[in-house]
Amino acid sequence: MIEVGDLKKGMFIVYDGEIYRVLEASKHFMGRGSGLVRTKLKNVKTGLVREVNFPSGEKVPEAELSFRKAQYLYRDGDHYYFMTLDDYEQYALSEEEIGDARYYMIENMEVDLVFYEGSPIGVELPTTVELTVVETEPSFKGDTVSGGGKPAVLETGLKITVPYFIEVGDKIKVDTRTGEYVGRA
87 MIEVGDLKKG MFIVYDGEIY RVLEASKHFM GRGSGLVRTK LKNVKTGLVR EVNFPSGEKV
147 PEAELSFRKA QYLYRDGDHY YFMTLDDYEQ YALSEEEIGD ARYYMIENME VDLVFYEGSP
207 IGVELPTTVE LTVVETEPSF KGDTVSGGGK PAVLETGLKI TVPYFIEVGD KIKVDTRTGE
267 YVGRA
């Protein structure tokens, strides 16, 4: 058990029977009473983010997770197949367990499989990934004067905003935490 006042970004906890990753944790003090710890939690299985306020002094169970390097092999229907790099064992995760990570994964990509009580429950992605632009509007001279960007569709189906100079076929870096364009690959 860990006291909510000690929660830090990146920790994993069990809340309402589900495993969550702590995205944010901040302490807020009331006038006379005890304070609150405001958290933003991301469900490891579904990828949904929720905000939870805990009273100071409350304790929550810390999730005992393990991570193993794996390679994303392929998708078959609504299942994604991975092979661990240490013992070459294969695991299948459903689309629900993968969550939004599916928009950043390409075949043969290296990821971290998240295990809870010996079973895979999700995927941890690298901070940035390189993806190819498959659809976007053509650029015209003078587009950059107005700033901003244009919509683009990437090879995984992810839709993001990219600068005007990006063309179809360009490889770009995308931040997996925010889904935003980072730069050319």
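At position 184 of the sequence shown the residue is numbered 270 (the numbering used here), and the sequence of numbers has no breaks. Just so you know, even glycine gets a beta-carbon here, dropped at the ideal spot from N, CA and C.
Whose C-beta lies closer than 8 angstroms to the C-beta of residue i among residues of the same chain, with five residues either side of it excluded?
| i | result |
| --- | --- |
| Thr222 | Lys236, Pro237, Ala238, Val239, Val248, Ile252, Glu253, Val254 |
| Ile88 | Met97, Ile99, Lys145, Val146, Pro147, Glu148 |
| Leu244 | Tyr189, Tyr190, Leu217, Val260, Gly265 |
| Thr262 | Ala187, Tyr190, Leu211, Pro212, Thr213, Thr214, Val215 |
Take residue i as the anchor and find which of the options has the nearest alpha-carbon.
| i | options | result |
| --- | --- | --- |
| Thr264 | Glu181, Val135, Met169 | Val135 |
| Val220 | Ile258, Asn194, Arg161 | Ile258 |
| Glu193 | Tyr202, Val123, Arg161 | Arg161 |
Tell me which same chain residues have a C-beta within less than 6 angstroms of the C-beta of residue i, skipping the five on either side of it?
| i | result |
| --- | --- |
| Glu150 | none |
| Arg154 | Thr170, Leu199 |
I'd like to confirm the pairing. Which residues does DSSP put opposite residue i in its beta bridges?
| i | result |
| --- | --- |
| Ala187 | Partner(s): none; Ala187 has no beta bridge. |
| Arg107 | Phe98, Lys128 |
In whole angstroms, what is the alpha-carbon distance linking residue i and residue j?
| i | j | result |
| --- | --- | --- |
| Glu216 | Ser225 | 21 angstroms |
| Gly284 | Thr218 | In the structure as shown, the chain starts at 87 and stops at 271, and residue 284 therefore has no counterpart that could be examined. |
| Gly91 | Ser142 | 6 angstroms |
| Leu122 | Val138 | 10 angstroms |
CB-CB under 7 angstroms to residue i, same chain, minus the five flanking residues each way: which ones, in chain order?
| i | result |
| --- | --- |
| Ser120 | Pro141, Ser142, Gly143 |
Say whether the segment 164 to 177 touches the segment 111 to 125, bearing in mind that this needs 3 or more beta-carbon pairs closer than 8 angstroms, one atom from each stretch.
no
Quick test of the definition: if touching needs 3 or more C-beta pairs under 8 angstroms, does the segment 171 to 185 touch the segment 202 to 210?
For the pair of segments examined, the segment 171 to 185 was found to touch the segment 202 to 210: the number of CB pairs separated by less than 8 angstroms reaches three.
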